[in-house]
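2 protein chains.
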Amino acid sequence: MLKFKELYKEFCGFLEKETFDFEPKELYEPVSYTLALGGKRIRPIMALLSCDFFGGDIKEAMNPAMGIEIFHNFTLLHDDIMDDAPIRRGKETVYKKWNSNIAILSGDTMFALAYKYITQTDSKYLKTILEVFNKTAIEVCEGQQYDMNYETEDNISISDYMKMIRLKTAVFLGAALKIGALIAETNRNNVDHIYCFGENLGMAFQLQDDYLDVFGNEAKFGKKTGGDIITNKKTFLYLKAFELARGEELKVLEENFIPNHPNNELKVEKIKEVYRKLKVDEYSAIEINRYYQKAMQHFEKIDCPDCDKVEMLNFAERLIKREY
Amino acid sequence: MLKFKELYKEFCGFLEKETFDFEPKELYEPVSYTLALGGKRIRPIMALLSCDFFGGDIKEAMNPAMGIEIFHNFTLLHDDIMDDAPIRRGKETVYKKWNSNIAILSGDTMFALAYKYITQTDSKYLKTILEVFNKTAIEVCEGQQYDMNYETEDNISISDYMKMIRLKTAVFLGAALKIGALIAETNRNNVDHIYCFGENLGMAFQLQDDYLDVFGNEAKFGKKTGGDIITNKKTFLYLKAFELARGEELKVLEENFIPNHPNNELKVEKIKEVYRKLKVDEYSAIEINRYYQKAMQHFEKIDCPDCDKVEMLNFAERLIKREY
Chain A
1 MLKFKELYKE FCGFLEKETF DFEPKELYEP VSYTLALGGK RIRPIMALLS
51 CDFFGGDIKE AMNPAMGIEI FHNFTLLHDD IMDDAPIRRG KETVYKKWNS
101 NIAILSGDTM FALAYKYITQ TDSKYLKTIL EVFNKTAIEV CEGQQYDMNY
151 ETEDNISISD YMKMIRLKTA VFLGAALKIG ALIAETNRNN VDHIYCFGEN
201 LGMAFQLQDD YLDVFGNEAK FGKKTGGDII TNKKTFLYLK AFELARGEEL
251 KVLEENFIPN HPNNELKVEK IKEVYRKLKV DEYSAIEINR YYQKAMQHFE
301 KIDCPDCDKV EMLNFAERLI KREY
Chain B
325 MLKFKELYKE FCGFLEKETF DFEPKELYEP VSYTLALGGK RIRPIMALLS
375 CDFFGGDIKE AMNPAMGIEI FHNFTLLHDD IMDDAPIRRG KETVYKKWNS
425 NIAILSGDTM FALAYKYITQ TDSKYLKTIL EVFNKTAIEV CEGQQYDMNY
475 ETEDNISISD YMKMIRLKTA VFLGAALKIG ALIAETNRNN VDHIYCFGEN
525 LGMAFQLQDD YLDVFGNEAK FGKKTGGDII TNKKTFLYLK AFELARGEEL
575 KVLEENFIPN HPNNELKVEK IKEVYRKLKV DEYSAIEINR YYQKAMQHFE
625 KIDCPDCDKV EMLNFAERLI KREY
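These protein sequence lines are chains A and B, in that order. Taking the working numbering, the leading residue of the first sequence gets 1, the next gets one more, and so forth. Taking the working numbering, the leading residue of the second sequence gets 325, the next gets one more, and so forth.
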């Protein structure tokens with residue numbers, strides 16, 4: 001079985017050869033810019049990994065993998081407008097560098113380009129792949145809407161939050177694996193379990209992301225921690241802290257989780273202190289592990305005696321146990 | 325062959341049965357609102373008409389036709405944000421009624437929903453249909469980008485303008501007919517000619533739209549004329565007028581085609597007077613007829629002895645010779 005690094009190299013090679021220097025340049029320059037920003041390319045690699053895992057030919061999965069990566073970047077592009085985010089992967093976001101009209105329309109073009117790549121696959125599984133992809137694309141939009149709703153809504157529960165990250169992040173990881181499995185033409189049982197494996201891994205992945213945003217190693221994480229605290233984002237840590245806090249700790253949370261805090265550094269420090277006191281970091285680790293175990297239960301149900309499970313398990317472990 | 329009115333009724337019946345009352349409601353209410361705004365439903369009817377014309381079963385074309393209509397409405401939704409347009413079909417636009425984030429994201433959802441409907445078609449022609457649709461979706465984005473570029477660019481030629489309306493409007497009418505023809509499984513020659521028929525008809529349709537915006541019957545047109553003049557839109561009429569105008573007429577154009585004219589009623593009156601003097605209305609009629617004739621040349625090359633051509637020709641004529 002191919003290793004993650006080999007697949008990463010293969011995919012990046014493919015991506016680099018695909019150029020978008022078409023007219024009008026106002027539309028296509030942001031497409032090239034966005035795709036060149038980098039990122040971990042997790043989703044396309046997952047499609048390739050799954051295809052390879054089930055004995056398929058990764059060449060067959062390359063175009064759909066490209067479609068998956070373009071779609072992911074399209075969602076980031078539009079999310080950045082909605083979230084008013086100036087920086088993405090250390091560079092200006094499209095809507096800051098150009099303007100929001102350009103960001104809307106080049107995003108729309110990327111959406112269409114994603115489908116163009118996904119369509120470039122064998123007719124025999126095209127329809128099934130599209131059904132997965134269409135459903136997932138809609139769910140990702142629903143997840144983003146819940147995320148925006150939660151910004152202004154009070155009384156968000158942990159289960160609301162889990163629903164949101166499932167839609168916004170987890171289902172897409174499941175879908176990437178499922179698409180790879182469909183291209184490899186494995187059986188229905190395996191297709192379903194690899195999806196659930198990916199979905200639960202996706203939950204763990206996002207919870208880990210939230211954890212790292214607060215407690216991550218800044219040097220390794222590549223960005224300053226505390227971003228979610230500064231923006232009062234209702235993550236698992238935030239919601240768990242409010243669930244547990246009483247007396248003085250509740251007061252610190254209430255006094256610091258306010259818009260336009262006069263001292264963000266102090267805010268982050270105080271909130272982190274409360275998080276540690278309440279052990280929400282440990283609760284977070286328990287949740288991450290719970291989803292990781294659920295993922296593993298589905299993985300074990302995959303019926304594929306000839307499959308080399310090592311690389312897939314390595315990948316899953318690296319995804320969750322990463323420190324950045 | 326089924327008449328336009330029958331197909332319109334069939335399609336509207338189908339559309340009304342498809343409801344979008346899903347969660348989160350912030351995402352789906354704008355979808356239902358947009359689809360209920362009405363409109364002429366020209367594009368889906370063209371797909372059904374073409375399918376029926378070539379002897380196909382319109383039931384097979386209903387889902388793709390729905391996808392076509394949803395996609396068209398998605399483009400309007402996003403265009404309204406970009407154009408800062410407050411009113412669409414006599415009602416508030418989504419971005420005015422809600423906000424631009426809601427409009428971006430419900431638009432994205434409609435894009436995904438469009439593909440969901442288009443995918444609900446027989447596997448045997450799914451790939452071909454998608455190739456047409458993907459290409460067209462990208463072209464429509466390109467057309468919108470040119471349209472935005474032209475707002476601030478000087479020295480736009482009539483041929484630039486024709487390229488823009490071809491991408492933004494005409495190709496989609498061609499694609500709607502082509503998709504219907506593909507579902508009816510007619511031969512390649514017919515598929516290509518019905519596309520070109522639709523594309524040229526689309527050019528005539530847009531030029532007619534521009535003409536009616538200035539010279540249309542306000543009661544029949546359903547909106548006040550002169551909108552394009554007030555916004556200094558570089559339509560065929562505008563560009564032709566600048567091409568022909570000399571001396572006093574050029575002065576009137578230059579003095580009135582300015583941002584924030586103090587008296588829009590007077591502006592429209594003066595520009596219309598120059599347009600009439602320069603006979604740009606007649607030049608416009610010549611162009612419309614030229615594209616109409618090109619459409620007819622392609623129509624004549626359709627090799628289908630058993631096809632009843634009357635209804636298709638009636639439709640084409642009504643599309644172009646309309647007064648509103």
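No residue lacks a Cβ here, since even glycine has one placed at the ideal position from N, Cα and C. All values derive from a computational prediction rather than experimental measurement.
Return the residue from the list the options that minimises the CA-CA distance to residue i.
i	options	result
Tyr125 of chain A	A:Lys233, A:Glu300, A:Pro64, A:Pro44	A:Pro64
His298 of chain A	A:Glu255, A:Gly107, A:Gly39, A:Leu313	A:Leu313
Ser483 of chain B	B:Ile507, B:Lys502, B:Lys564, B:Ala427	B:Lys564
Ile68 of chain A	A:Glu153, A:Arg41, A:Glu300	A:Arg41
Lys341 of chain B	B:Pro348, B:Lys333, B:Glu347	B:Lys333
Leu643 of chain B	B:Leu506, B:Tyr616, B:Pro586	B:Tyr616
Val252 of chain A	A:Lys178, A:Gly226, A:Lys224, A:Tyr275	A:Tyr275
Cys141 of chain A	B:Pro586, B:Gln532, B:Phe346	B:Phe346
Phe335 of chain B	B:Ile382, B:Phe344, B:Lys547	B:Ile382
Glu350 of chain B	A:Gly247, A:Arg246, A:Tyr150, A:Leu278	A:Tyr150
Ala500 of chain B	B:Val538, B:Leu326, B:Met386	B:Met386
Ile442 of chain B	A:Lys127, A:Phe111, A:Ala114, A:Met110	A:Lys127
Gln144 of chain A	A:Val132, A:Thr169, A:Glu131	A:Thr169
Thr225 of chain A	A:Leu2, A:Asn73, A:Asn264	A:Asn264
Phe496 of chain B	B:Gly380, B:Asp534, B:Val456, B:Gln532	B:Val456
Met472 of chain B	A:Asp83, A:Leu105, A:Thr231, A:Met164	A:Leu105
Asn613 of chain B	B:Tyr535, B:Ile453, B:Ser424, B:Met434	B:Tyr535
Tyr33 of chain A	A:Ile102, A:Leu2, A:Met46, A:Gly13	A:Ile102
Can you look up residue i in the DSSP assignment and give me helix, strand or coil?
i	result
Glu92 of chain A	strand
Phe299 of chain A	helix
Thr34 of chain A	helix
Asp52 of chain A	helix
Lys309 of chain A	coil
Lys224 of chain A	coil
Thr136 of chain A	helix
Arg188 of chain A	helix
Asp108 of chain A	helix
Asp605 of chain B	helix
Arg276 of chain A	helix
Leu2 of chain A	coil
Ser481 of chain B	coil
I'd like to confirm the pairing. Which residues does DSSP put opposite residue i in its beta bridges?
i	result
Ile411 of chain B	B:Glu416
When we look at the beta-carbon of residue i and count the other beta-carbons within 10 Å, is it buried (16 or more) or exposed?
i	result
Pro410 of chain B	exposed
Val634 of chain B	exposed
Arg188 of chain A	exposed
Ala219 of chain A	exposed
Arg367 of chain B	buried
Pro583 of chain B	exposed
Arg89 of chain A	exposed
Gly216 of chain A	buried
Glu477 of chain B	exposed
Glu255 of chain A	exposed
Arg490 of chain B	buried
Asn190 of chain A	buried
Asp632 of chain B	exposed
Report yes or no: is there a C-beta of chain B within less than 8 Å of the C-beta of residue i?
i	result
Ala175 of chain A	no
Pro30 of chain A	no
Met82 of chain A	yes
Tyr146 of chain A	yes
Glu153 of chain A	no
Asn101 of chain A	yes
Asn149 of chain A	yes
Leu182 of chain A	no
With 8 Å set as the bound, which would you pick, yes or no: does the beta-carbon of residue i sit closer than that to a beta-carbon of chain D?
i	result
Lys548 of chain B	In the displayed structure, chain D is absent; the protein chains listed are A and B.
Check whether chain A comes within 8 Å of residue i, counting only Cβ atoms and requiring the distance to be less than that.
i	result
Ala402 of chain B	Correcting the residue type first, residue 402 of chain B is His in the shown sequence and not Ala. Yes, contact with chain A.
Lys451 of chain B	yes
Lys440 of chain B	yes
Leu359 of chain B	no
Ser447 of chain B	yes
Phe435 of chain B	yes
Ile462 of chain B	yes
Asp432 of chain B	yes
Ile428 of chain B	yes
Would you say residue i touches the ligand NAD, meaning its beta carbon is less than 7 Å from a heavy atom?
i	result
Ala114 of chain A	This structure does not include the ligand NAD; it has no bound ligands of any sort.
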